[in-house]
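Count along the sequence shown from 1, add 38, and you get the number used in this note's numbering.
From the three backbone atoms N, C-alpha and C, an ideal C-beta is built for every residue, glycine too.
These numbers come from a predicted model, not from an experiment.
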Amino acid sequence: MFNKLSMFLSAFICFAGTVFAQSQPCSTDEHHQDLLVKYPELAEFEQQFHQQLRGILASRTTSSTSDTEYYDVPIVVHVVHDYGVENLKDDDIYEAAKNWAKAFVKENADTAVVIDPFKPYIGNARLKLHLATIDPNGNPTKGVVRHYSYLTHTADDQAKYESWPHNKYINIWFVNSFGSSGAAAYAYYPSVGAFRPNYDGVISLYNYLDRSKTIPHELGHVLNLQHVWGNNNNAAVACGDDEVDDTPPTKGHSPGCIPTAIYDVTCATGYSKTYVSSSGLADSLVDYPDTTNSQNIMDYTYCSNMFTIGQCYRMRAAITSSVAGRNNLITPANIAATGALAPMPDLPPVADFYVGRSTAAGIVTDAKTRFLTFTHDGKFTFSNASWNDTVSSVHWEFSNGAQTPVSSSMTTVENKFSVPGWVTVTLTATSNAGSNTIVNTSTVYAADTTPRGGLDYSQQFANAGHILDWPMINYYENQFKWEFHNGSGKGDNGCIGYHSYDATGVAYGEASGDYDDVFTPAFNLEGLSGDVYVNFYTAGASRNGRSSDTRDSMELQVSTSGGARWVKLEGYNGIALANNGNRFGNFEPSSTTEWVGRSVSIPEIYRNRETFFRLRFRPGVRGNNLYVDDFRISALPVNIQGLAGDKKPELIIYPNPSSNGTNIAFKTGNDGIATYTIRDVAGKVIYSATRTGLPNSIVNDFISRSEIPLSGMYFVSLVNGSSNITKKLTIY
Ligand SMILES: [Zn+2]
Numbered sequence: 039m040f041n042k043l044s045m046f047l048s049a050f051i052c053f054a055g056t057v058f059a060q061s062q063p064c065s066t067d068e069h070h071q072d073l074l075v076k077y078p079e080l081a082e083f084e085q086q087f088h089q090q091l092r093g094i095l096a097s098r099t100t101s102s103t104s105d106t107e108y109y110d111v112p113i114v115v116h117v118v119h120d121y122g123v124e125n126l127k128d129d130d131i132y133e134a135a136k137n138w139a140k141a142f143v144k145e146n147a148d149t150a151v152v153i154d155p156f157k158p159y160i161g162n163a164r165l166k167l168h169l170a171t172i173d174p175n176g177n178p179t180k181g182v183v184r185h186y187s188y189l190t191h192t193a194d195d196q197a198k199y200e201s202w203p204h205n206k207y208i209n210i211w212f213v214n215s216f217g218s219s220g221a222a223a224y225a226y227y228p229s230v231g232a233f234r235p236n237y238d239g240v241i242s243l244y245n246y247l248d249r250s251k252t253i254p255h256e257l258g259h260v261l262n263l264q265h266v267w268g269n270n271n272n273a274a275v276a277c278g279d280d281e282v283d284d285t286p287p288t289k290g291h292s293p294g295c296i297p298t299a300i301y302d303v304t305c306a307t308g309y310s311k312t313y314v315s316s317s318g319l320a321d322s323l324v325d326y327p328d329t330t331n332s333q334n335i336m337d338y339t340y341c342s343n344m345f346t347i348g349q350c351y352r353m354r355a356a357i358t359s360s361v362a363g364r365n366n367l368i369t370p371a372n373i374a375a376t377g378a379l380a381p382m383p384d385l386p387p388v389a390d391f392y393v394g395r396s397t398a399a400g401i402v403t404d405a406k407t408r409f410l411t412f413t414h415d416g417k418f419t420f421s422n423a424s425w426n427d428t429v430s431s432v433h434w435e436f437s438n439g440a441q442t443p444v445s446s447s448m449t450t451v452e453n454k455f456s457v458p459g460w461v462t463v464t465l466t467a468t469s470n471a472g473s474n475t476i477v478n479t480s481t482v483y484a485a486d487t488t489p490r491g492g493l494d495y496s497q498q499f500a501n502a503g504h505i506l507d508w509p510m511i512n513y514y515e516n517q518f519k520w521e522f523h524n525g526s527g528k529g530d531n532g533c534i535g536y537h538s539y540d541a542t543g544v545a546y547g548e549a550s551g552d553y554d555d556v557f558t559p560a561f562n563l564e565g566l567s568g569d570v571y572v573n574f575y576t577a578g579a580s581r582n583g584r585s586s587d588t589r590d591s592m593e594l595q596v597s598t599s600g601g602a603r604w605v606k607l608e609g610y611n612g613i614a615l616a617n618n619g620n621r622f623g624n625f626e627p628s629s630t631t632e633w634v635g636r637s638v639s640i641p642e643i644y645r646n647r648e649t650f651f652r653l654r655f656r657p658g659v660r661g662n663n664l665y666v667d668d669f670r671i672s673a674l675p676v677n678i679q680g681l682a683g684d685k686k687p688e689l690i691i692y693p694n695p696s697s698n699g700t701n702i703a704f705k706t707g708n709d710g711i712a713t714y715t716i717r718d719v720a721g722k723v724i725y726s727a728t729r730t731g732l733p734n735s736i737v738n739d740f741i742s743r744s745e746i747p748l749s750g751m752y753f754v755s756l757v758n759g760s761s762n763i764t765k766k767l768t769i770y
């Protein structure tokens, strides 16, 4: 319980400074206060940590004149990206990292514009930040790693997966957007980092890479600095203090580097501090500036030019404290292990590419077009995203009778394929330091247009061979995906399933935000009249019983444009999809009763010679696995599809129990006649009908509720040739 909560503690969300109108950057402080009221023990934990830090701080302050040592600090930058603008360029990151470092050694040139009262107080933290040159596995690195993930969108702590040990590196993540609007970045105090080691560090919007000292500000929080007005996110509200003497009390300032902010005296007038002598000498009084230090990096003005001497003591106290293992960062052993002092190595590139929207004729609307028929006009688009060194040349190779089998384009290759199936894409990127090759065999699928069936197609997924023409695309190449499931199914030992249950969220991030598709083969439905259904069964579950946790959803979509455009036919979510309720562990169906039938009527406009369907699953927060089996195309809905091949007489009543009418389905006898009768428990006839048709033809009658107005139990009997079947019907 504690771990879950502590992620909110002391998080400082810093304001995206371009939107001046907003004065309330976020609700983090409210979260913090709410939690402290609800769980008072949290305050005690924090207090213990702060006590230790204050102890170090006190000793530092008194011996400050001799504290001139420089500490080296390894850092690592994680780019969490979806191949968009947030996929920052290497050189921009290297350049930004140099600029961040300047603020911690008082080398930022803009200290020159600090106003006179604060010139004597500009501090030098003597902390030398270095991009690491050795990763946690001992391999050479340039101190930048990339993670391809949906978690870059509306990001939170979940985006910080695959963090490097926080007592060896300060982790800094960049993302596309935050869930809470208005935030530019946030970081955690050492006290919180101690509880959530995987989330310790800085997370920022990509466009604050080197803007208004956002990253030095966040690193200030990592090193235990508060905002200059104190321990909350609400600038320009109330006079406050940050436990640092040489930053005068202030309300803080909303973004806006204007003279009234720079020379603001609010809260600071007459500010001084008396220091009581411990050696019997006279107490000393220090008359600090009577102006607020709005040029401080820990204010929101974005006239961010300086840390004070007192803040530097405080940061040095944090980095020499064992809280969150900060003091391990600067040990000679760690500096050697992380290669912090070594020059950036010259490493070969990392070959990388992504598949994008086609720009050719044929209008492909999906953002990630990975599925098109091999005859389609549209083309797949492959874009070079190789990184980690200045790439001098690339070499592409494509399989499947590619229109452009080989290319040396440094940017983008458009391609189409004359041989159906999974395409193998090979990209080699070369720099002065060597070459690197990536081979991807499951990135795009050129679908066959030969129909695999039409009406009465049936797929039982009995073994792995049955999914050969059911391509499953794992868009984010992670462990949350569609796959063949061996071991259980609706009528046999196999089915397909979406694996979303994962207890290792810290290592990989939450499944929510991902989505993946399974595609059917082509069906020939051309010219079919009357009802045509897609029928299948699903078995789903939630994870921990709260209705808010049943957020998994799935859509059945159809395409008659060779995969270029898809239309939703039906959607499933909530407890209807999680039909087996709460399963604490990794859900797998174990009985036929765990499956629920689904029928989706196919409108005539989608009955084509090449009709494709796909199931798109979107895992929710803390959802569970979802299984699909027994996929059919049928003229009958799923409940009675069995009648089609049935030899023995059968009477099917659905739904039952029912509150809103019910269906009665059966076959006529060899003489083409059948009669059914609904009686109440007293034997009184409530409804009766005789149906005449061809011998052994299927009847599916709907009896409306008005025909059976009273709730209760009824008996439905069917007389069909020589057989007589009676079943119970409950109306509620
Ligand atoms: Zn902040």
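Item: Any C-beta of chain B under 8 Å from that of H504; Value: The structure shown contains no chain B, having only a single protein chain.
Item: Residues of its chain near E745, where Cβ-Cβ distance is below 6 Å and the 5 sequence neighbours each way are ignored; Value: Y725
Item: Top-ranked residue by Cα proximity to I678, from R603, I347, F574, G394; Value: F574
Item: Exposed unless 16 or more other CB atoms sit within 10 angstroms - verdict on G601; Value: buried
Item: The stretch 491-500 touching the stretch 460-476, judged by at least three CB pairs closer than 8 Å; Value: no
Item: H265: CB within 7 Å of a non-hydrogen atom of ligand 1; Value: yes
Item: 7 Å CB neighbourhood of V451 in its chain, flanking five on each side removed; Value: F420, W434, T442, S445
Item: Classification of R743 by the beta-carbon crowding that lies within 10 angstroms, buried from 16 upward; Value: exposed
Item: Cβ neighbour criterion (16 or more within 10 Å) applied to D238; Value: buried
Item: Environment of M448 [buried if 16+ CB atoms lie within 10 Å]; Value: exposed
Item: Neighbour-count burial assignment, D552, 16 or more Cβ in a 10 Å radius; Value: buried
Item: Cβ-heavy atom distance, H255 to ligand 1, below 7 Å; Value: yes
Item: Span of the beta strand (DSSP E) around C533; Value: 532-537
Item: Buried versus exposed, by CB contacts within 10 Å (16 or more), T179; Value: buried
Item: Ligand 1 heavy atom lying under 7 Å from the CB of H185; Value: no
Item: Residue(s) in a DSSP beta bridge with S761; Value: N758
Item: Whole-angstrom distance between V282 and S310, CA atom to CA atom; Value: 12 Å
Item: Where R352 sits in the DSSP three-state scheme; Value: helix
Item: Which of helix, strand or coil DSSP assigns to I357; Value: helix
Item: Check: H291 C-beta below 7 Å from any heavy atom of ligand 1; Value: no
Item: Any alpha helix (DSSP H) of 4 or more consecutive residues that is wholly inside the stretch 225-270; Value: 228-233, 252-260
Item: Neighbourhood of C350 by C-beta, 8 Å cutoff - its chain only, sequence neighbours within 5 removed; Value: G161, N162, A163, R164
Item: Which listed residue (K606, H119, T649, S322) has its alpha carbon closest to that of T190; Value: H119
Item: Sequence ranges, beta strand (DSSP E) only - wholly within the stretch 361-428, length at least 3; Value: 391-394, 409-411, 418-422
Item: Touching by the beta-carbon criterion (3+ pairs, under 8 Å), the stretch 333-343 and the stretch 261-280; Value: yes
Item: H259 CB to nearest heavy atom of ligand 1 below 7 Å; Value: yes
Item: Where the alpha helix (DSSP H) containing Y132 begins and where it ends; Value: 128-140
Item: Separation of A727 from I736, as counted between CA atoms; Value: 15 Å
Item: Beta-carbon proximity check, G181 vs L169, cutoff 8 Å; Value: yes
Item: Minimum C-alpha distance to N772 - residue among E548, Q517, V388, A500; Value: Residue 772 falls outside the range modelled here, since the chain spans only 39 to 770, and no answer is possible.
Item: Collapsed DSSP secondary structure at Y644 in the structure displayed; Value: helix
Item: Backbone secondary structure at Q679 - three-state DSSP; Value: helix
Item: Rounded distance between the beta-carbons of A484 and G459, thought under 8 Å; Value: 6 Å
Item: Straight-line gap, A355 to H523 (C-alpha atoms, nearest Å); Value: 54 Å
Item: DSSP-derived helix/strand/coil call for F740; Value: strand
Item: contact_flag[the stretch 137-150, the stretch 316-323] where n(CB pairs < 8 Å) is 3 or more; Value: no
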